[in-house]
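Take the sequence shown: its letters are residues 0 to 159, numbered as in numbering that gives the first Met the number 0.
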Amino acid sequence: MTEQQSSGSPSDEGLAERVAGFTDRRGVLKLAGVAAGAGVLAACSSPPVPSGGGGASPAGGAGGAGADGIPTSEIPVGGGKVFPDSKTVVTQPTAGTFKAFDAICPHQGCTVGSVEGGKIICPCHQSHFDDNTGDVVSGPAPTGLTPKTVKVSGSTLTVS
């Protein structure tokens, strides 16, 4: 009986090692998938732009924005910031001049991705819009971005 146990034991150990190897690889792959998914979610999230109606405030935006708006310092001069949660892009074409537009590209409904060199850029099909007027500069978009109202009060702004 000792011979059967010892002769059967190596194959049982081999099977156990193979099962452990699969389990370890699966565990690593699952962990990698969770980590990648968390990274994507973190990259896509940003605080919402507060509305002028005294609604919700942004959740932990840079500079600790309160219920009254977001700090104007979050919007760079000659650039802008996209707020995907509220589907809004806010720009500051020149110092002290703030503009806001619907961040949904009229071409195929993608959310614009950035503001660079005086242009709001849609990453899907490379439509470019003027950061001061929202008009189409280039690309397949048939019309410009819909303007929104910006109200500046001191060092904060709200969009409606």
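Positions of the beta carbon are idealized from the N, C-alpha and C atoms, including for glycine.
These numbers were taken from a predicted model, which means no experiment stands behind them.
Check: For D84, which of helix, strand or coil comes out of DSSP?; Outcome: helix
Check: Helix, strand or coil for T71, going by three-state DSSP, please let me know.; Outcome: helix
Check: By Cβ distance below 6 Å, which residues in the same chain neighbour C121 in space, the five residues on each side in sequence not counted?; Outcome: C104, C109 and V111
Check: Are the beta-carbon atoms of P139 and S126 separated by less than 9 Å?; Outcome: yes
Check: Bridge partners for G78 per DSSP, in chain order?; Outcome: Q91
Check: Going by DSSP in three states, S126 sits in which element: helix, strand or coil?; Outcome: coil
Check: Return the residue from the list H124, C123, Q107 and F128 that minimises the CA-CA distance to T90.; Outcome: F128
Check: Can you tell me which of P70, K80, S152 and G68 puts its alpha carbon nearest to the alpha carbon of A99?; Outcome: K80
Check: Just tell me which of D101, G68 and T96 has its CA closest to the CA of V88.; Outcome: D101
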